[in-house]
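Data block below; observations after.
Protein chains: 2
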Amino acid sequence: MKEFVNLFFSFLLGFLFPLPLPLFARGVVPSDAPNGAQRLMMERGYGMFVHFGMNTFIEQEWSEGNVPALTYAPDDLDCDQWVRVARDAGFRYVLLVTKHHDGFCLWDSQYTEYDVASSGNKTDVVGAVARACKKYGLEFGIYYSLWDSHEPTYTCGDFTKYVDFMCGQLTELMTNYGEICELWLDGAWDKPAAEWNIPRLYDLVKNINPNCAVGVNGTIGTSEEDQGGFVEVLPDRMTEDNIFHMRYFPGDFRLWDPKIASRNDKKQYLYGGNSYYLPFEHTICLSKEWAWFQKRDIKYVRDLDELEELFYWTTCNGNSLVVNIAPDYHGRIREHEAQTAIALCKRLGIRRGKPLPSGGRYLQVGCPTEATSCWDSSDEFAPDKASDGGLQTRWASADLTPQLVVTLAPHTEFDKITIFEYCDVERLGDFSNRRTNRIQAYTIDRFVDGRWETIFADDTPMGDCKTIRFPYFYSAEKVRLNVRSATAPPSIYEFNVINTSL
Amino acid sequence: MKEFVNLFFSFLLGFLFPLPLPLFARGVVPSDAPNGAQRLMMERGYGMFVHFGMNTFIEQEWSEGNVPALTYAPDDLDCDQWVRVARDAGFRYVLLVTKHHDGFCLWDSQYTEYDVASSGNKTDVVGAVARACKKYGLEFGIYYSLWDSHEPTYTCGDFTKYVDFMCGQLTELMTNYGEICELWLDGAWDKPAAEWNIPRLYDLVKNINPNCAVGVNGTIGTSEEDQGGFVEVLPDRMTEDNIFHMRYFPGDFRLWDPKIASRNDKKQYLYGGNSYYLPFEHTICLSKEWAWFQKRDIKYVRDLDELEELFYWTTCNGNSLVVNIAPDYHGRIREHEAQTAIALCKRLGIRRGKPLPSGGRYLQVGCPTEATSCWDSSDEFAPDKASDGGLQTRWASADLTPQLVVTLAPHTEFDKITIFEYCDVERLGDFSNRRTNRIQAYTIDRFVDGRWETIFADDTPMGDCKTIRFPYFYSAEKVRLNVRSATAPPSIYEFNVINTSL
C-alpha cells in the first residue's frame, strides 16, 4: 500500500512539473522497501558486464585518453555473438561499458570526436549491442564513466560545462537505444561528490527511462572516508550504526566494486537524516585475475565451483551480480570464456522467466564459533568472523594446524560445505597474479552423539573456493574444520554449512 | 548355441564323473566368448573389495604370520554396516579378504588355530558378511591367499600337504556361506605355478559353486617372466602376438593387480596351444595411497573425478572393477570413505538391475597423434602412446612446453576431455605418498576451419585425473593439449577425447 502511495505521489509530481523535474520527483523517497526500478532490477539479478574499448587494444586496464582513436580497430567485431553468449549463459541483461575513464565512446557522440566514428572500426557498438539484446530478449544496461581523461571541459575550470557535456552524452545514450534498464556511473572518486551534480543526471535519466536503475560506484561512505580517511569494513551495515551514509544521492542501488555484501545485508542507508532502501549490485570478473579488459594472451577463468558459490552469495537476498566477460581485440568473446559462462548456467539450472536458483540455507550464519588459535586478541580476526555471513571479514589463526568449531542450532541438517580461504597473491606480471592456498591438508568433522567423526578429508591445496557436496544430509551438534597442514597460519573468510533443500 | 553345447557337455561330464572331475570338466574350453560364470561376472561388473584382518591392527600392509591372534580385536565390529555401505554405493558384490598372506582366517577354520576363534573378537566375519550380502541383495565373493606365512604345512617339505590344507579351507568357505560368486586367489608368485595345483582347487570350487568365477593374481605372463625376467607391458595383448600365455590354468578371469587393461582388450590368451577367453578384474584403492588395510590415521581418498574416470575405464568392454574400502580397527568403514563411495554412485547414476553406466565413446583411440617434443627416439614414449587406449603406456616430452596433437576422424564431436598425467610420487612416510603434477598451466585447443581455437585454459596443477566437461558438443579436425608451464617434462598416459552421448 505504501508503495502504491509512493507511486501515486511520483505520478502526481510528474504531472505537475513536466520538465525539469524537482529533486526526488521519480520516487526516491525514504523507504524500507524497493521502488519500481529497484524491484525490476532485483528480478533481473544476473547480468553480463562487457568491458570493451580503447584499453582492449593497448594491453592496459586504464589509459589516459591520449591514445589515438584509430588504435581502436577490432577486425572481427561481432556484438551479436556477445549477446548470444549472454543469452546462452542465462544472463538477464548486458551491461556495456560505453565510455571508460579514457573518454573513448563506443557510439558516435556528437559531443566528442574521441569515439568509434573516428576509429579503426566505425560500428556503433552501443547500437549493435542494444539491437542484439532486443533480438535475444535481454535487457540492456549502460556503464558510463563520470571521470573522463580526454574531454577538455573536464579540466577547463568550469566543471558545470563538463556536467553539460555528460548530460548531452547521457541524453544520446538514453534516447537512441531503446529502453535502458540500468545506468552504472563510475569514477566519481576523482572529484568531490557534489561536483558531479548527480541529482541533475538522475532526473535526466528518469525522465527518459523511468525504470532505469541508477547507481554510482562507491555509493556508500563514512564521514571519515569523505574527509580522506580509510574505513576497511564493507558498507553494508545498517542505519542503526549511524556510521554509513549515501555519498551520491539520489540513486537506486549501491555499487562498491569489487566488494561483496553480507548475507544479511538490509540495504538501509541515511541521507539528510532519512533512511533509503538500496540494493547492491556485485561485480566480479570471469577471469581469475583482476582484469576487466581482455589482453592479447588468454586469461584463465575462475573455477566453476568458485563461480557457483559466488553466484549464490551475490544474488541472494535481493542483491544482484554482473560478471565481466570481455571481448578480445578481434571483437569477439573468446570461446573458452563463453563456454565457462554457459557451463555455469547449466550447472546452476538458470531458466528464463524463473527466479534465479538459490544456494539453500546457510546454517553457520551467526552461530557460536570457537577456534583453537587466533591471530591476535583483537576482535578483527576472531573465530566468529568465519561465520558472520560476510566475505569481507575473516578469522585468522596464529598457528599452522588450528581447528575452527561452529556450534549449529539444534536439529540442523546440512549436505554441503563451502570454504572461502584467505589466499596469498603472487604477482606474475603486469596483468597476472595467482592466488595460493595456505591450507594443504584438512578434515571436516561433525560432532554427534558425544564424539567427533570425520566426514571429509583432503590433502590437496584448498582451492579458491572449496566446495564439498555430500550425497546425503548430516545432522550434527557442531561442525569442525580441522587443519592438518598449512604453509602459513590459515585464515577463513567464511565457513559455509549449507542445507541445499531449504 | 555354442554356449549351450558347452553347458550340455559340462553337465554330461559332471554326470559321468561325479568326483573328482577331470580337468576342463566345468566348461573351461577354448573359446572366444564368455562362459556362464564369466557372463555373470561381467554383468556384476562392480564390487567392493574389503581388506580387513590382522594387518588392520598393526599398521602394516603385510605381516609374517607371527603376530598373536589376540592382536586382532575390533571393538565395534559391524559387518552389516560394510555391506550397507556397499549397497548404498551401488556395488553389486562384496569381495572379502578371508585370509591374507599372514594366514590369519576371518572364520573359525577347523584346519588352523590362527583365526578369529582364537582372537580378541570371535565373530565369524565371513559368515556375518555373507548374511549381510543376502540381506541387502548383493553377491558375495572370496579372496583367499595361496601364500600362507603361518601355516606349518606350507614349509614342511611336502607341498601337497599344504594343497590339502587349502582344499580343506576352500571347502569350508565354499560350503558354509551360501553361494560364492567369485574366488580371488593371491600370492601365487611365492612358488612355481605348478605347485599350487590350480586344477584341483578349480575343480573343487566348481563342484560346489559352478557359477563361481575363479582367478589367480598374475594370471598372464610371458616365458621370459616365468624364467625370472621382467616384462613391463600390460598383458592384455592378443594371442596373435604369441607372447603372453595363461600362467595359472584353469581360470575364469585375469588378475594383474593393480594394472589397468586397455580399452580394446580382447581377452584372448593361450594355454597348451589353445586360446581361451578371459575377462579382467581391476583392483583399485579408494584411498589415494597404495594402502589396502586401514591405518590408525585417516586415509585421504581419491578425487571423485578420478574415481569416475577410472570406473569408466575399468568397467568398459566387459571387464570389471573392485574398489577396496577397508574397515578401520574398530571394525567399521570410516564415514568419509563411505560417503565418497556413495557420492560416486550418485554421480555415476548406478541403478540396481540396470547395466552399469558407460563413459561414452573415446574418440582418440588409435587416432594419428603428433607432438612437438618426445623424450627419445625410441617407440616407448611416442606421441601415439597418449592415444592408444591404454593407461600402461605414455607419451613423454623432452621439454617443458610441448604440444600434443590428435587428429580426429572426420565428423567427430566431443563434449568431454579427461587427461591422465604421469605424476611424480613423493614419499611422505611408511604408508603415505603424494602424487605431484608436472603440468602447471595449459590450454585445450581445437582446430576447425583452418585455425586453432582455445576452448579451455587452466593454470592450476592438472590433478590426478583432469576432467573437463563441456556444456555443448565441439566438432574439430584436431584437438591439442598445449602445455604452457610445467615443473618437469610432461608425460601423458592417455588424452581422452570423449563423446558422452555415444
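Line by line, the protein sequences are chains A and B.
When we follow this note's numbering, the leftmost residue of the first sequence carries the number 789, and every step to the right adds one.
When we follow this note's numbering, the leftmost residue of the second sequence carries the number 789, and every step to the right adds one.
Cβ coordinates follow ideal geometry from the N, Cα and C atoms, glycine included.
What residue range is occupied by the uninterrupted alpha helix (DSSP H) comprising G915/B? Under the DSSP assignment, G915/B falls in the alpha helix (DSSP H) whose first and last residues are 913-924.
Can you tell me where the alpha helix (DSSP H) holding I1086/B begins and where it ends? No alpha helix (DSSP H) holds I1086/B; DSSP gives it neither H nor E.
Taking 7 Å as the threshold (C-beta atoms), are D1252/B and E1298/B in contact? It is not possible to answer for residue 1298/B, since the shown part of chain B is limited to 789 through 1290.
For R1222/B, which residues in chain A fall below 8 Å Cβ to Cβ? Residues of chain A whose Cβ lies closer than 8 Å to the Cβ of R1222/B are, in chain order, D1247.
Over the uninterrupted alpha helix (DSSP H) stretch that includes T959/B, give me the two end residues. Run containing T959/B: 947-963, per the alpha helix (DSSP H) assignment.
Classify S907/A as buried or exposed, calling it buried when 16 or more other Cβ atoms lie within 10 Å of its own Cβ. In this structure S907/A is buried. Its beta-carbon is surrounded by 16 or more other beta-carbon atoms within 10 angstroms.
Contacting residues, own chain, Cβ-Cβ under 6 Å from L934/A (five flanking each side not counted): Counting only Cβ-Cβ distances below 6 Å, and skipping sequence neighbours, we find L973, G975, A976, W984.
Does the region 1122-1139 of chain A touch the region 1261-1279 of chain A, meaning 3 or more C-beta pairs lie closer than 8 Å? Too few Cβ pairs lie closer than 8 Å, so no.
Contact with chain A by F1244/B, beta-carbon distance below 7 Å: Closer than 7 Å to some Cβ of chain A, the Cβ of F1244/B qualifies, so yes.
Among N1062/A, L1132/A, V1004/A, A1049/A, which has the Cα closest to the Cα of V1030/A? According to the sequence provided, residue 1030/A is Asn. The question's Val does not apply to it. Out of N1062/A, L1132/A, V1004/A, A1049/A, N1062/A has the C-alpha closest to the C-alpha of N1030/A.
Residues in the region 1111-1130 of chain A with C-beta within 8 Å of chain B's C-beta atoms, listed in sequence order? Those would be R1122, E1123, H1124, Q1127, I1130, in chain order.
Considering only the beta carbon of each residue, do L1179/B and Y834/B sit closer than 7 Å? Contact flag unset, no.
Residue range of the alpha helix (DSSP H) that V1110/B falls in? Counting along the chain, V1110/B falls outside any alpha helix (DSSP H), though it belongs to the beta strand (DSSP E) covering 1108-1112.
By DSSP, does T941/A sit in helix, in strand, or in coil? Taken through DSSP and simplified to helix, strand or coil, T941/A comes out as helix.
By Cβ distance, which residues of its chain are closer than 7 Å to E1241/A, with the 5 residues on each side in sequence left out? These residues qualify, in order along the chain: D1233, R1234.
Within its chain, find whatever has a CB closer than 6 Å to the CB of S1289/A; leave out the 5 residues flanking it on each side and keep chain order. So the list is empty, once near-sequence residues are dropped.
Looking only at its own chain, which residues have a Cβ that is under 7 Å from the Cβ of E1201/A, when we skip the five neighbours before and after it? Around E1201/A: F1261, Y1262, S1263, N1287.
Roughly how many whole angstroms lie between the Cα atoms of H938/B and S897/B? Approximately 14 Å, taken between the alpha carbons.
Residue range of the unbroken beta strand (DSSP E) whose run includes A835/A: Here the sequence assigns Gly to residue 835/A, which means Ala is not the residue at that position. Looking at the DSSP string, the run of the beta strand (DSSP E) that includes G835/A is 834-838.
Within the 7 Å Cβ cut-off, does Y1088/A reach chain B? So, interface residue.
Endpoints, alpha helix (DSSP H) assigned at R1239/A: From DSSP, R1239/A is part of no alpha helix (DSSP H) but of the beta strand (DSSP E) over 1239-1246.
Skipping 5 residues on each side, what residues in its chain have a beta carbon closer than 7 Å to that of E1158/A? Cβ within range, chain order: P1171, V1193.
Cβ of P810/A less than 7 Å from any chain B Cβ? Note that P810/A has pLDDT 40, beneath the 50 cutoff, so the model's placement of it is unreliable and no number is given.
Residue(s) in a DSSP beta bridge with M1034/B: Under DSSP, M1034/B takes part in a beta bridge, and its partners are I1008/B.
Can you name the residues of chain A whose CB is closer than 8 Å to the CB of T1231/B? Those within 8 Å of T1231/B in chain A are I1086, H1124.
So I1280/B and W1163/B are in contact, right, with Cβ under 8 Å, and what is the actual spacing, rounded? Contact doesn't hold; Cβ gap of about 12 Å is too wide.
Would a check of beta-carbon distances place P1259/A closer than 7 Å to chain B? P1259/A counts as touching chain B.
Return the CA-CA distance between G1039/A and E1209/A, expressed in angstroms with no decimal places. If you draw a straight line from the Cα of G1039/A to the Cα of E1209/A, it comes to about 34 Å.
Nearest to L1092/A by CA position, among L1074/A, F1081/A, W1101/A, D1085/A, is which residue? That would be L1074/A, whose Cα lies nearest to the Cα of L1092/A.
In whole angstroms, give me the CA-to-CA distance for Y1230/A and K1254/A. The straight-line gap from Cα to Cα measures roughly 12 Å.
Taking Cβ-Cβ distances below 9 Å as the criterion, which residues of the region 1132-1153 of chain A are in contact with chain B? The residues in question are L1132, C1133, K1134, R1135.
According to DSSP, Y1260/B sits in a beta bridge with which residue or residues? In the DSSP output, where bridge partners are listed per residue, Y1260/B has none listed.
Helix, strand or coil for V904/B per DSSP? Looking at V904/B - three-state DSSP - the assignment turns out to be helix.
If we ignore side chains and look at the alpha-carbon of each, how far apart do R1226/B and A1174/B end up? Straight across, the Cα-Cα distance linking R1226/B with A1174/B is about 16 Å.
For W972/B, which beta-bridge partners are listed by DSSP? Answer by DSSP bridge pairing, in chain order: Y931/B, G1003/B.
Do G929/B and Y881/B have their C-beta atoms closer together than 7 Å? A contact, by the Cβ cut-off of 7 Å.
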